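Beneath this line is the structure, given in structure tokens, with notes to follow.
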Amino acid sequence: MSHSPVMPSPTLSTASDGDGLGASPQSRLLRAARGEVLDRPPVWMMRQAGRYMAVYRELQSKYTFKQRCEIPELAIEISLQPFRAFAPDGVIMFSDILTPLEGMGIPFELVEHQGPVIDPPIRSQAQIDQIRVLEPEESLPFIKTILKTLRQEVEGKATLLGFVGSPWTLACYAVEGRSSKDYAHIKSLAFTQPELLHQLLSKLADSIARYVVYQIECGAQVVQLFDTWAGQLSPVDYERWALPYQKQIVDHVKALYPQVPLVLYINGSAALLERVGRAGIDIFSLDWMSDMAEARARLGSLAVQGNLDPMVLLGSPQLIRQRTLEVIQKAGPQGHIMNLGHGIHQTTPEASVHHFFETVRHSPELLKAL
């Protein structure tokens, strides 16, 4: 399991778990984001709060998804459920990428077991003209309560992550009106009325940049940008429709908070790896469809997150251990945050999740024994 990632000059650090957070250089996840060499990678899981946990399903049966995202007591409890169970190095706010849209004048519904519905979808100049700039303090006051409380709860034990949807992916939902398999409506808009789509994407980028800043000011120490559906674009269309608006957000945030790491995730990103760093991000979150060592070589000095196939967690403890260690070894000891290559699947046994986290925590001695 050799690896040959291209990495920046190493800064060796072997501080143990339980180090302090904040501006201190002791947080494992923040140190990995800065490209430091660590004894083991920090670890958390995308969608780590959710349906695979029995305690979550209990709340799911009593409250709608929107309530779970927007009632602070619920969102805080759900965010902390996997923290209590598995002690990840990162705790991510429980929310949804569409949460800020209503504050921009784009109403939506989150339908259980179906996903988001935007009706009517955004497809005209008049509709785009009506989109307003997000004022997070006014539209999303619950976010401050959620993040500030979570920061207090995990201080000194884990890094707090916020997240947002990137403009292309948000536009996919807004223009399609719901999840899509072929993205026919938004691609039709791109290829027949490009100026209209550019207006929509720019407006989304302006507001999402403000939302990232707001999350940071409320306590988030890292923010992940989910441009999940950008992998549905060809490289030339990625450069036109997704990359400039990712960069618009990053440039705005970095002008105010240059020290806060920003992560970008794209599902199906294999064809885009040489391009994603141009967004100005600090970390690229890799899906499971690329080999970690090959991806690191293509990404250059960019820190990386990922990229275990979530379905491996449906396998035996031996398989989970083997595949997890393979990713860690291929990633190398520098600038790597261990994670899945997509969100955890709802049928995953909690025992398998525990085994995954324990494998990462004990990876230095496990790798020596190989």
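Residue numbers (the working numbering): 1037 to 1406.
Glycine residues also receive a C-beta, built at the ideal position from the N, C-alpha and C atoms.
These figures come from a predicted structure and were not determined experimentally.
DSSP-derived helix/strand/coil call for S1409 = Nothing about residue 1409 can be read from this structure; the chain reaches only from 1037 to 1406.
task = Would you mind reading off the limits of the alpha helix (DSSP H) that contains L1066?
result = Indexing the sequence shown from 1 puts residue 1066 at position 30. Where L1066 is concerned, the enclosing alpha helix (DSSP H) stretches over 1064–1069.
C-alpha gap between A1059 and L1066, whole angstroms = Here residue 1059 refers to the residue found at position 23 when the sequence shown is read from its first residue. Here residue 1066 refers to the residue found at position 30 when the sequence shown is read from its first residue. Reliability of the predicted coordinates at A1059 is poor, the pLDDT of 35 falling under 50, and the value obtained from them is presented with this limitation in mind. If I take the Cα positions, the gap works out to 9 Å.
request  = Quick one: residues in its chain with C-beta nearer than 6 Å to the C-beta of Q1382, no 5 flanking neighbours on either side, listed in chain order?
outcome  = Translated into positions along the sequence shown, residue 1382 becomes position 346. Result list for Q1382: R1087, Y1088, in chain order.
ask   = What's the gap between the Cα of E1145 and the Cα of P1230?
value = For this step, residue 1145 is matched to residue 109 along the sequence shown. For this step, residue 1230 is matched to residue 194 along the sequence shown. Distance between the alpha carbons of E1145 and P1230 is about 27 Å.
key: Endpoints, the alpha helix (DSSP H) within which V1190 is located   = To locate residue 1190, count along the sequence shown from 1; it is residue 154. Its alpha helix (DSSP H) spans residues 1177–1190.
ask   = Tell me, which residues are paired with T1195 by DSSP?
value = Locating residue 1195 in the sequence shown gives position 159, counting from the first residue. For T1195, which the question treats as bridged, DSSP gives the partners G1126.
ask   = Are the segment 1268–1288 and the segment 1308–1325 in contact at 8 Å, needing three or more beta carbon pairs?
value = yes
request  = Identify every residue that forms a DSSP beta bridge with Q1282.
outcome  = As a first step, residue 1282 must be located in the sequence shown, where it is residue number 246. For Q1282, which the question treats as bridged, DSSP gives no partner whatsoever.
task = Could you check what DSSP says for Q1260 in three-state terms: helix, strand or coil?
result = Mapped onto the sequence shown, residue 1260 falls at position 224. Looking at Q1260 - three-state DSSP - the assignment turns out to be strand.
query = Q1358 to T1384, Cα distance in whole Å?
reply = As a working mapping, residue 1358 is identified with position 322 in the sequence shown. As a working mapping, residue 1384 is identified with position 348 in the sequence shown. Roughly 17 Å separates the two Cα atoms.
Check whether E1106 and F1178 have beta carbons under 7 Å apart = Counted from its first residue, the sequence shown places residue 1106 at position 70. Counted from its first residue, the sequence shown places residue 1178 at position 142. In this structure, F1178 lies closer than 7 Å to E1106 by Cβ.
ask   = For P1172, does the count of other Cβ atoms within 10 angstroms reach 16, so buried, or fall short, so exposed?
value = Residue mapping note: residue 1172 aligns to position 136 of the sequence shown, counting from 1. It counts as buried.
message = Does S1052 pass the burial test, meaning 16 or more other C-beta atoms within 10 Å, or should it be called exposed?
response = Locating residue 1052 in the sequence shown gives position 16, counting from the first residue. Residue confidence is low: S1052 scores 36 on pLDDT, short of 50, so the model does not pin down where it sits. Its coordinate-derived value is still stated next. Per the 10 Å Cβ criterion, exposed.
request  = State the beta-bridge partners of Q1341 as determined by DSSP.
outcome  = In the sequence shown, the residue the question calls residue 1341 occupies position 305. Answer is S1321, I1373.
ask   = Taking the C-alpha atoms as reference points, what is the distance between T1264 and G1192?
value = One-based indexing of the sequence shown puts residue 1264 at position 228. One-based indexing of the sequence shown puts residue 1192 at position 156. In a straight line, the C-alpha of T1264 is about 31 Å away from that of G1192.
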